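Peer 1: From first to last, the protein sequence lines stand for chains Y and Z. For the first sequence, our numbering gives the first residue as 71, with consecutive numbering after it. For the second sequence, our numbering gives the first residue as 71, with consecutive numbering after it. We treat Cβ as the ideally placed atom computed from N, Cα and C, and that holds for glycine. Since we're looking at a predicted model, the values are computed, not measured.
Number of protein chains: 2
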Amino acid sequence: MTIGEVAARAKVNIQTVRYYERRGLLVTPRRSAGGYRQFSDDVVPRIRFIKRAQELGFTLEEIAELLALRVRHGEACDDVRRRALAKITLVEQKSRELENLKRALEGLVQACERRAPTAECPILEALEEPLSDA
Amino acid sequence: MTIGEVAARAKVNIQTVRYYERRGLLVTPRRSAGGYRQFSDDVVPRIRFIKRAQELGFTLEEIAELLALRVRHGEACDDVRRRALAKITLVEQKSRELENLKRALEGLVQACERRAPTAECPILEALEEPLSDA
DNA sequence: CTTGACTCTATACTATGGTACCGGGTCTAT
DNA sequence: ATAGACCCGGTACCATAGTATAGAGTCAAG
Numbered sequence: 071m072t073i074g075e076v077a078a079r080a081k082v083n084i085q086t087v088r089y090y091e092r093r094g095l096l097v098t099p100r101r102s103a104g105g106y107r108q109f110s111d112d113v114v115p116r117i118r119f120i121k122r123a124q125e126l127g128f129t130l131e132e133i134a135e136l137l138a139l140r141v142r143h144g145e146a147c148d149d150v151r152r153r154a155l156a157k158i159t160l161v162e163q164k165s166r167e168l169e170n171l172k173r174a175l176e177g178l179v180q181a182c183e184r185r186a187p188t189a190e191c192p193i194l195e196a197l198e199e200p201l202s203d204a
Numbered sequence: 071m072t073i074g075e076v077a078a079r080a081k082v083n084i085q086t087v088r089y090y091e092r093r094g095l096l097v098t099p100r101r102s103a104g105g106y107r108q109f110s111d112d113v114v115p116r117i118r119f120i121k122r123a124q125e126l127g128f129t130l131e132e133i134a135e136l137l138a139l140r141v142r143h144g145e146a147c148d149d150v151r152r153r154a155l156a157k158i159t160l161v162e163q164k165s166r167e168l169e170n171l172k173r174a175l176e177g178l179v180q181a182c183e184r185r186a187p188t189a190e191c192p193i194l195e196a197l198e199e200p201l202s203d204a
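Next comes the structure, spelled out in structure tokens:
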């Protein structure tokens with residue numbers, strides 16, 4: 071697969087594919103005699119993974135670490151395990167942050183629905199108070 | 071209030087106050103004879119509002135819109151409420167994806183403990199559903 | 001064997017949300 | 001009236017995550 075095909079299938083810019091390769095997020099592709107990148111099909115789901123992980127609030131650096139987690143024969147299993155556990159902690163932390171966010175937003179919406187018809191928007195008023203533990 | 075006082079009270083950088091003013095997030099302050107900004111006390115809660123809204127996942131541009139909505143209250147509340155609900159939907163989707171990712175990572179840890187090499191990277195399969203953007 | 005679409009590297013530029021620095025002016029207490 | 005703290009606008013810079021462009025080379029169909 072050429073880079074253009076990869077970009078089209080993964081729905082990203084060609085430049086983005088090259089950028090991800092530079093950032094070490096993609097397996098370095100083979101090259102044709104003329105120097106064209108020849109990607110395997112795996113790269114498309116991988117790019118989609120990257121995009122989704124980004125939406126979840128992971129930076130490209132964190133995503134690179136996630137992608138580096140793999141159990142292979144002969145490799146230091148303990149190391150992989152340790153890093154995976156660290157990532158689980160990170161994911162749990164992100165989950166908690168999202169929970170806080172959701173509760174805060176829901177509280178605001180509910181305040182909005184309880185409001186007297188003539189009152190000011192309570193969402194905006196509530197934002198003037200500190201968020202509970204977000 | 072001088073800009074330094076505002077920054078100290080709102081716990082942001084002086085540059086940030088000027089930046090927010092440039093971005094149209096603050097009411098343009100009066101000036102002293104010598105050109106110093108003279109802020110009214112309102113600006114401190116407003117900066118706190120901005121900071122909190124950011125924590126809720128709003129961009130500065132969205133926050134500028136929220137602040138503009140506040141002026142003409144009434145039907146503005148519904149508008150603000152709708153935006154908050156949209157954010158909640160997004161947050162819920164992200165939570166589900168994080169759960170998937172966590173499960174995938176846990177599977178990886180378990181594979182490690184069994185010292186079984188993973189044929190395919192299960193992490194890549196963890197984020198299969200695209201997030202619809204808000 | 002040429003033409004046009006595609007790709008190459010390298011560099012520069014964009015947006016977002018700030019932060020830092022510069023040479024100067026202002027404010028205030030002594 | 002002068003030191004020192006503060007502020008001014010302007011510009012440059014930071015990180016992150018790309019996107020655009022230039023000038024050259026490659027690939028494949030006709």
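Between E135/Y and the rest of its own chain, which residues show a CB-CB distance below 8 Å, the 5 nearest in sequence each way excluded?
Peer 2: Here residue 135/Y refers to the residue found at position 65 when the first sequence is read from its first residue. The answer, listed in chain order, is R153 and K157.
Peer 1: I'd like to check one pair, L137/Y with F109/Y: are the Cβ atoms closer than 9 Å?
Peer 2: As a first step, residue 109/Y is located in the first sequence; it is residue number 39 there, counting from the start. As a first step, residue 137/Y is located in the first sequence; it is residue number 67 there, counting from the start. Taking 9 Å as the Cβ cut-off, F109/Y and L137/Y do not qualify as a contacting pair.
Peer 1: State yes or no: is the C-beta of L95/Y within less than 9 Å of the C-beta of L130/Y?
Peer 2: Start at 1 with the first residue of the first sequence, and residue 95/Y comes out as number 25. Start at 1 with the first residue of the first sequence, and residue 130/Y comes out as number 60. Against a cut-off of 9 Å, the Cβ pair of L130/Y and L95/Y comes out as a contact.
Peer 1: Please go through the same chain and pick out, in chain order, the residues whose beta-carbon is closer than 8 Å to the beta-carbon of R93/Z, but skip the five residues on each side of it.
Peer 2: Position 23 of the second sequence, counting from 1, holds the residue named residue 93/Z. Within the same chain, R93/Z has close Cβ partners L130 and A134.
Peer 1: Could you check if S202/Y is buried or exposed, using at least 16 other CB atoms within 10 Å of its CB as the buried criterion?
Peer 2: Residue 202/Y sits at position 132 when you count from the first residue of the first sequence. Low local confidence applies: a pLDDT of 46 at S202/Y is under 50, so the model's placement there is unreliable, with the coordinate-based value given in what follows. Answer is exposed; the Cβ neighbour count stays below 16.
Peer 1: At least one CB of chain Y closer than 9 Å to the CB of E75/Z: is that the case?
Peer 2: In the second sequence, residue 75/Z corresponds to position 5, counting from 1. No - not a single Cβ of chain Y is within 9 Å of the one on E75/Z.
Peer 1: Which term fits A80/Y, buried or exposed, when burial requires 16 or more other beta carbons within 10 angstroms of its beta carbon?
Peer 2: In the first sequence, residue 80/Y corresponds to position 10, counting from 1. Buried: at least 16 other Cβ atoms inside 10 Å.
Peer 1: Could you give the distance in angstroms between the alpha-carbon of L19/Z and the alpha-carbon of E195/Z?
Peer 2: Nothing can be reported for residue 19/Z, as the shown portion of chain Z is limited to 71 through 204.
Peer 1: Relative to the C-alpha of A174/Y, which candidate in R101/Y, P192/Y, F128/Y and G127/Y has its C-alpha closest?
Peer 2: As a position in the first sequence, residue 174/Y is number 104, starting the count at 1. Of the listed residues, the one whose Cα sits closest to A174/Y is P192/Y.
Peer 1: Using a Cβ-Cβ cutoff of less than 7 Å, which residues in the same chain neighbour L197/Z once the five nearest sequence positions on both sides are dropped?
Peer 2: On the second sequence, residue 197/Z is found 127 positions in, with the first residue counted as 1. Here the set comprises E167, N170 and L171.
Peer 1: Assuming P115/Y is part of the alpha helix (DSSP H), what are its boundary residues?
Peer 2: The sequence position of residue 115/Y within the first sequence is 45, counting from 1. First-last of the alpha helix (DSSP H) with P115/Y: V113 to E125.
Peer 1: If the criterion is Cβ atoms closer than 9 Å, does the pair G127/Y and K164/Z meet it?
Peer 2: Position 57 of the first sequence, counted from the start, is the residue given in the question as residue 127/Y. Position 94 of the second sequence, counted from the start, is the residue given in the question as residue 164/Z. It is a contact, given that the beta carbons lie within the stated cut-off.
Peer 1: Buried or exposed for T103/Z, please, with buried defined as at least 16 other CB atoms from any protein chain shown within 10 angstroms of its CB.
Peer 2: Along the second sequence, read from residue 1 onward, the residue named residue 103/Z stands at position 33. With the sequence shown as reference, residue 103/Z is identified as Ala, and Thr is not the correct amino acid for it. Counting Cβ neighbours within 10 Å, A103/Z comes out exposed, since fewer than 16 surround it.
Peer 1: How would you call Y106/Y, buried or exposed, if buried means at least 16 neighbouring beta carbons within 10 angstroms?
Peer 2: Taking the first sequence and counting its residues from 1, one reaches residue 106/Y at position 36. The residue is exposed, with fewer than 16 neighbouring Cβ atoms inside 10 Å.
Peer 1: Would you report the Cα separation of N83/Y and A77/Y, rounded to the nearest angstrom?
Peer 2: In the first sequence, counting from the first residue as 1, residue 83/Y sits at position 13. In the first sequence, counting from the first residue as 1, residue 77/Y sits at position 7. If you take the alpha carbons of N83/Y and A77/Y, they lie about 6 Å apart.
Peer 1: Mind checking if V87/Z is an interface residue toward chain Y, Cβ cutoff 9 Å exclusive?
Peer 2: By 1-based counting over the second sequence, the position of residue 87/Z is 17. So, not an interface residue.
Peer 1: Are the C-beta of L95/Z and some C-beta of chain Y separated by less than 9 Å?
Peer 2: Numbered from its first residue, the second sequence carries residue 95/Z at position 25. By this cut-off, L95/Z is not an interface position.
Peer 1: Are the CB atoms of C147/Y and R151/Z within a distance shorter than 9 Å?
Peer 2: For this step, residue 151/Z is matched to residue 81 along the second sequence. For this step, residue 147/Y is matched to residue 77 along the first sequence. Contact: no.
Peer 1: Please confirm if E132/Z has its CB atom under 9 Å from at least one CB of chain Y.
Peer 2: In the second sequence, residue 132/Z corresponds to position 62, counting from 1. No, its Cβ sits nowhere closer than 9 Å to a Cβ of chain Y.
Peer 1: Spatial neighbours of P99/Y within its chain, please: C-beta separation below 7 Å, excluding the five flanking residues on both sides.
Peer 2: Along the first sequence, read from residue 1 onward, the residue named residue 99/Y stands at position 29. So the list reads R107, Q108 and F109, once near-sequence residues are dropped.
Peer 1: Would you kindly check if the distance between the Cβ of I117/Y and the Cβ of V87/Y is under 9 Å?
Peer 2: The residue you call residue 87/Y lines up with position 17 of the first sequence. The residue you call residue 117/Y lines up with position 47 of the first sequence. In contact: V87/Y and I117/Y (Cβ atoms closer than 9 Å).
Peer 1: Beta-carbon separation of V179/Z and L155/Y under 9 Å?
Peer 2: For the purposes of this step, residue 179/Z is identified with residue 109 of the second sequence, where counting begins at 1. For the purposes of this step, residue 155/Y is identified with residue 85 of the first sequence, where counting begins at 1. Cβ distance < 9 Å, so V179/Z and L155/Y count as in contact.
Peer 1: Per DSSP, R101/Z is paired with what?
Peer 2: Locating residue 101/Z in the second sequence gives position 31, where the first residue counts as 1. Looking at the DSSP assignment, R101/Z forms a beta bridge with R107/Z.
Peer 1: As a quick exercise: from D112/Z, Y90/Z, Y89/Z and Q85/Z, pick the residue whose alpha carbon is nearest that of M71/Z.
Peer 2: Taking the first residue of the second sequence as 1, we reach residue 71/Z at position 1. The shortest Cα separation from M71/Z among D112/Z, Y90/Z, Y89/Z and Q85/Z belongs to D112/Z.
Peer 1: Give the DSSP-derived three-state secondary structure of K81/Y in the structure shown.
Peer 2: Sequence index remark: in the first sequence, residue 81/Y carries index 11 (1-based). In the structure shown, K81/Y sits in coil (DSSP, three-state: anything other than H, G, I, E or B).
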